[in-house]
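Engineer: For my numbering, add 216 to where a residue sits in the sequence shown, where the first one is 1. We treat Cβ as the ideally placed atom computed from N, Cα and C, and that holds for glycine. Fair warning: this is a prediction, and the values are worked out from it, not measured in the lab. Sharing a structure, written as structure tokens. Questions coming.
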Amino acid sequence: MSKGQGQGFGFGLGKMKELTEALKKAQQVQEGAKRLQEELEMMEIEGESGGGSVKVVLSGNQEPRRVEISPDAMNEGAEMLSDLVTAAMKDAYIKSTATMREKMEELTGGLNLPGF
217 MSKGQGQGFG FGLGKMKELT EALKKAQQVQ EGAKRLQEEL EMMEIEGESG GGSVKVVLSG
277 NQEPRRVEIS PDAMNEGAEM LSDLVTAAMK DAYIKSTATM REKMEELTGG LNLPGF
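Structure, rendered in structure tokens:
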């Protein structure tokens with residue numbers, strides 16, 4: 217059997233260069249994503265409600281860390297306290313989501329990746 221001469225993979229040198237660049241960018245994004253994940257794990261994002269009487273702290277990747285409840289909030293009764301904790305959780309969630317989005321935009325910015 218004889219192989220087709222000069223056929224290779226059907227890539228010209230220009231295509232090979234594009235492929236190499238795309239692989240480099242993918243590796244940069246992968247390394248950046250790993251660093252970003254580590255950074256998000258170390259972050260603490262605080263949500264609050266009731267003028268700070270209830271605070272919820274999440275990591276940057278939205279893992280619950282702690283809840284702080286002031287004595288004043290305890291005196292509000294179970295139903296109101298539940299509402300305050302829920303509101304603080306929502307606040308922390310919104311802040312952490314915005315932080316994740318910002319960090320992902322920083323990571324992928326300038327790479328011209330489709331879908332980002």
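What residue range does the beta strand (DSSP E) around Ser-265 cover?
Structural biologist: For this step, residue 265 is matched to residue 49 along the sequence shown. Element bounds for Ser-265: 260-265.
Engineer: Can you tell me where the alpha helix (DSSP H) with Ser-298 in it begins and where it stops?
Structural biologist: As a first step, residue 298 must be located in the sequence shown, where it is residue number 82. Its alpha helix (DSSP H) spans residues 294-324.
Engineer: Which residues in the same chain have their Cβ closer than 8 angstroms to the Cβ of Val-270, if we skip the five residues on either side of it in sequence?
Structural biologist: As a position in the sequence shown, residue 270 is number 54, starting the count at 1. Within the same chain, Val-270 has close Cβ partners Glu-264, Val-283, Glu-284, Ile-285, Ser-286, Ala-289, Leu-297, Leu-300, Val-301, Ala-303, Ala-304.
Engineer: Taking the beta carbon of Lys-306 as the centre, do at least 16 other beta carbons fall within 10 Å, making it buried, or is it exposed?
Structural biologist: Position 90 of the sequence shown, counted from the first residue, corresponds to residue 306. By the neighbour-count rule (16 or more Cβ atoms within 10 Å), Lys-306 is not buried but exposed.
Engineer: Considering Ser-275, what are the terminal residues of the beta strand (DSSP E) in which it resides?
Structural biologist: Your numbering for residue 275 matches position 59 in the sequence shown. Looking at the DSSP string, the run of the beta strand (DSSP E) that includes Ser-275 is 270-275.
Engineer: Contact defined as beta carbons within less than 8 angstroms: I believe Glu-247 pairs with Gly-276. What is the distance between those atoms, to the nearest angstrom?
Structural biologist: Along the sequence shown, one-based indexing puts residue 247 at 31. Along the sequence shown, one-based indexing puts residue 276 at 60. 18 angstroms between Cβ atoms; not a contact.
Engineer: Compute the beta-carbon to beta-carbon distance between Leu-274 and Ser-312, rounded to the nearest angstrom, for a pair I have assumed lies under 8 angstroms.
Structural biologist: As a working mapping, residue 274 is identified with position 58 in the sequence shown. As a working mapping, residue 312 is identified with position 96 in the sequence shown. 5 angstroms between Cβ atoms; contact.
Engineer: What residues in its chain sit with their C-beta under 6 angstroms from that of Leu-323, if we drop five residues either side in the sequence?
Structural biologist: Taking the first residue of the sequence shown as position 1, residue 323 is located at position 107. So the qualifying residues of the chain are Gly-248, Leu-252.
Engineer: Classify Glu-284 as helix, strand or coil using the three-state DSSP reduction.
Structural biologist: Translated into positions along the sequence shown, residue 284 becomes position 68. Glu-284: strand per DSSP, three-state reduction.
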